[in-house]
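Numbered according to the working numbering, the sequence shown spans residues 166 to 404. Ideal placement from N, C-alpha and C gives every residue a C-beta, glycine not left out. Here's the structure we're looking at; comments come further down.
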Amino acid sequence: MSIVAILKIDEVSRYTGDEIHDEYGRVLGTIISIQSSVDGRVESLTIKVADRYLETIEGERLKIQEGKIIVIPNWKFEASRIIENLDRAYKRRKALDTVNGQNELPSSVVEPMKRRLEEDIKALRIKADEVKKVINGRVGEIEDEELKVAKAIASIEISYFSGEVGEKGYTQSMNHLRKLKESISEEKRNAKEYLEKLDKTMQLAFSENKEVAKPKEEENKIPQIPQTNQGSLVVKIQG
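Here's what the structure looks like:
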């Protein structure tokens, strides 16, 4: 589920001066400059945020979609990367267990590979926990934003129905608030989906492999039929 795409300066340069959006349709700012390596790979770009300050965004978090530069949220970028790495580690451990169960390789070859993989998995566990904290933190921020939007909607409706705000002002305000409400609700839903994916992937990657492959000699062994003591057969003929 990799979402990383390497963009080239030739693809991105024409968007200089344009607005840049996130995946949920929100305008983040205006593209001011683009930084790239000598091979043309976009390393980062600088945007102006609301005439207040400049912000640098990593090139790995960028993609082109429907003729626009789109920024992948940091929590989603990190979650996608850790899920991909965990899934790869799980598949490698499963493959290593299968190879080990066939008894075709000496333990001096297999054991170092197992130790290294387990060390990698432990490091991924730490990183996965950090990413979960980041996502949960973002969900908390979104819930705070939802509360602010709800209060703003209540305020503008009271002002409108009390005659303090006209039809035009009320309609414009509500359009902005509805759009904002939809975008943060979509991000919250998306964040929870990624939390669920991350939890499931962690359970697979960190669970102990309970399947034990049978050695070849056991599989090829022909079961012996137990022998029982057979008594002599005596036939008595009546005269």
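Short of 7 Å from the beta carbon of residue 285, and not among the five residues preceding or following it, lie these beta carbons of its own chain, in chain order: 254.
Between residue 310 and residue 189 a beta carbon distance of about 12 Å is seen, past the 8 Å cut, so the two are scored as non-contacting. For residue 366, DSSP assigns no beta-bridge partner whatsoever.
For residue 247, the uninterrupted alpha helix (DSSP H) run begins and ends at 239 to 266, by DSSP.
In this structure, DSSP gives residue 349 a helical state, which the three-state scheme calls helix. Judged by DSSP secondary structure, residue 187 falls within the beta strand (DSSP E) whose first and last residues are 184 to 187. If you ignore the 5 residues before and after residue 195, its C-beta comes within less than 8 Å of the C-beta of 182, 183, 184, 185, 212 and 213, all in its own chain and listed in chain order. Under the three-state reduction of DSSP output, residue 354 falls in the helix class. In this structure, residue 290 sits away from residue 240, with a CB-CB distance that is not shorter than 8 Å.
In the DSSP assignment, residue 207 falls within the beta strand (DSSP E) that extends over 207 to 214. Look at residue 328 here: in three-state DSSP terms it is coil, with no helix or strand label.
Sequence-distant Cβ neighbours of residue 353 in its own chain, meaning closer than 7 Å and more than five residues away, are 304 and 307.
One thing to note: residue 366 has its Cβ no nearer than 8 Å to the Cβ of residue 235. Contact between the stretch 332 to 351 and the stretch 270 to 289 is absent: fewer than three C-beta pairs spanning the two stretches fall below 8 Å.
Of the candidates 294, 242, 315 and 292, the residue whose Cα lies closest to the Cα of residue 227 is 242.
Residue 192 has 186 as its beta-bridge partners, per DSSP. Note on geometry: alpha-carbon atoms of residue 346 and residue 317 lie some 11 Å from one another. Residue burial annotation: residue 296 is buried, with at least 16 other C-beta atoms found within 10 angstroms of its C-beta. For residue 234, the enclosing beta strand (DSSP E) starts and ends at 233 to 236. Positions of the alpha helix (DSSP H) runs, each at least 4 residues long and wholly inside the stretch 271 to 345, are given as 272 to 326 in order along the chain.
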